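>
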Amino acid sequence: MARNHASIQNRRRPTGRESPVGGRPYRRPRSSELVLGVMMLTTPRPRAAAWAPFLDGELEWLVERDAKAVRWLVERSGLEGSRTVVQGASNAQSYRHGDEPLAVLARYGDVATYKSPAGPGATFVHNADIRLLATAMKTANGFSLAATENPTFPLDGWAMAVGAVDLATNAVTSDERSAEQIEMLERLVQKLYNGWSHKEVGRRASAYYMPRLADAGMTYSVFVGSLIAIAPRYLDSNSDIDAMEKALPASWKLQRQALLASWL
Numbered sequence: 012m013a014r015n016h017a018s019i020q021n022r023r024r025p026t027g028r029e030s031p032v033g034g035r036p037y038r039r040p041r042s043s044e045l046v047l048g049v050m051m052l053t054t055p056r057p058r059a060a061a062w063a064p065f066l067d068g069e070l071e072w073l074v075e076r077d078a079k080a081v082r083w084l085v086e087r088s089g090l091e092g093s094r095t096v097v098q099g100a101s102n103a104q105s106y107r108h109g110d111e112p113l114a115v116l117a118r119y120g121d122v123a124t125y126k127s128p129a130g131p132g133a134t135f136v137h138n139a140d141i142r143l144l145a146t147a148m149k150t151a152n153g154f155s156l157a158a159t160e161n162p163t164f165p166l167d168g169w170a171m172a173v174g175a176v177d178l179a180t181n182a183v184t185s186d187e188r189s190a191e192q193i194e195m196l197e198r199l200v201q202k203l204y205n206g207w208s209h210k211e212v213g214r215r216a217s218a219y220y221m222p223r224l225a226d227a228g229m230t231y232s233v234f235v236g237s238l239i240a241i242a243p244r245y246l247d248s249n250s251d252i253d254a255m256e257k258a259l260p261a262s263w264k265l266q267r268q269a270l271l272a273s274w275l
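So in my numbering, the last one in the sequence shown is 275, and the numbering has no gaps at all.
So this is what it looks like as structure tokens:
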């Protein structure tokens, strides 16, 4: 473990302008994306992504997964010529204390919080919740992103949508969503341009599409993770998350309650 920490600390910090391959300068992806024929302002998806599941929560795995996620992100940072960023909620300095891989990464690179943004760059989010992951997508802004899972918010939906590597298996997460589910989700995103609470569009769209997505077999966690992958700006604030949760169909509300109870 010490050797891995040293390799992080001894590397020259990238400027974000260096070339990953072939001597050509790296150009960040454009922050626009075509959804159902409509050009929408959105956050670029990561060039590469990885996630470490919670599994059974054994301490040995939780320590191992953090080290694996940090190693993966540092390697991606080098390939992309980007800085590294730890995405936190608040108190940036607290992430830099200690000898664990997360703290070493935070000291080596930048720390972003809700009130003090940083980046763009290869971004790490620890024990991701909805707002943290949505904000980390914006912090990465097209660079690579690694996330570790907490049991109240499964990351499988996000991992499916961005093609993230599962660090427990080292395999790309297979997308088990149907074409019908993906199309309905994209149509919902298209209608949310004025936000969840817009009476004429947002509320009507969520009331129409979300129950149909649930009926089509999409789970709550897959819905939320997929939405973050497509349009994180709709879930990067507590007010947006509250509005989304109020619009959940009954089956998803039950699934959400069960996930929250798993942490108690």
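Where is the CB? At the ideal position from N, CA and C, for every residue including glycine.
If you're wondering where the values come from, they're calculated on a predicted model, not measured in any experiment.
Go ahead and pull the three-state DSSP assignment for R97.
Taking the sequence shown and counting its residues from 1, the one referred to as residue 97 is at position 86. A small correction: the amino acid at residue 97 is Val; Arg does not occupy that position in the sequence shown. In the structure shown, V97 sits in a strand (DSSP, three-state: E or B).
> So, using beta-carbon positions, are R82 and A133 closer together than 9 Å?
As a working mapping, residue 82 is identified with position 71 in the sequence shown. As a working mapping, residue 133 is identified with position 122 in the sequence shown. Going by C-beta atoms, R82 is not nearer than 9 Å to A133.
> Considering only the beta carbon of each residue, do A117 and Y106 sit closer than 9 Å?
Stepping through the sequence shown from its first residue, residue 117 is reached at position 106. Stepping through the sequence shown from its first residue, residue 106 is reached at position 95. Yes. Within cutoff.
> Could you check what DSSP says for L259 in three-state terms: helix, strand or coil?
If you number the sequence shown from 1, residue 259 lands on position 248. The answer is coil: DSSP assigns L259 none of H, G, I, E or B.
> Cutting at 6 Å between CB atoms, please list the residues of its own chain near P112, excluding the five before and the five after it.
In the sequence shown, residue 112 corresponds to position 101, counting from 1. Only D77, A78, V81 meet the Cβ criterion.
> Out of F154, L143, H209, G99, point me to the one whose CA is closest to L276's CA.
Because residue 276 is not part of the residues shown, which for the chain are 12 to 275, the question remains open.
> When the distance is taken between beta carbons, is R188 closer than 9 Å to M229?
As a first step, residue 229 is located in the sequence shown; it is residue number 218 there, counting from the start. As a first step, residue 188 is located in the sequence shown; it is residue number 177 there, counting from the start. Yes, the pair counts as a contact, with Cβ atoms nearer than the cut-off.
> Just to confirm, are T184 and M195 a CB contact at a threshold of 9 Å?
The residue you call residue 184 lines up with position 173 of the sequence shown. The residue you call residue 195 lines up with position 184 of the sequence shown. Not a contact, by the Cβ cut-off of 9 Å.
> Output the boundary residues of the alpha helix (DSSP H) element that contains E191.
Residue numbering aside, residue 191 sits at position 180 when the sequence shown is read from its first letter. Looking at the DSSP string, the run of the alpha helix (DSSP H) that includes E191 is 190 to 202.
> Can you pull the DSSP bridge partners for D121?
Along the sequence shown, read from residue 1 onward, the residue named residue 121 stands at position 110. For D121, which the question treats as bridged, DSSP gives the partners V96.
> Looking at C-beta atoms only, is the number of pairs between the segment 144 to 160 and the segment 197 to 213 that lie closer than 8 Å three or more?
no
> Can you say whether E69 is buried or exposed, counting buried as having 16 or more other CB atoms within 10 angstroms of its CB?
For the purposes of this step, residue 69 is identified with residue 58 of the sequence shown, where counting begins at 1. Exposed is the call here.
> How would you label Y119, buried or exposed, when you count the other beta carbons within 10 angstroms and need 16 or more for buried?
As a working note, residue 119 is residue 108 in the sequence shown. The residue in question, Y119, is buried, as its Cβ has 16 or more Cβ neighbours within 10 Å.
> What is the DSSP secondary structure of L113, reduced to helix, strand or coil?
As a working note, residue 113 is residue 102 in the sequence shown. If DSSP states are grouped into helix, strand and coil, L113 belongs with the helices.
> Measuring only the C-alpha atoms, how far is R254 from L238?
Indexing the sequence shown from 1 puts residue 254 at position 243. Indexing the sequence shown from 1 puts residue 238 at position 227. In the sequence on display, residue 254 carries Ala and not Arg. If you draw a straight line from the Cα of A254 to the Cα of L238, it comes to about 14 Å.
> Have a look at A269 and A63 and give me their C-alpha separation to the nearest angstrom.
Counted from its first residue, the sequence shown places residue 269 at position 258. Counted from its first residue, the sequence shown places residue 63 at position 52. Cα to Cα, A269 sits roughly 21 Å from A63.
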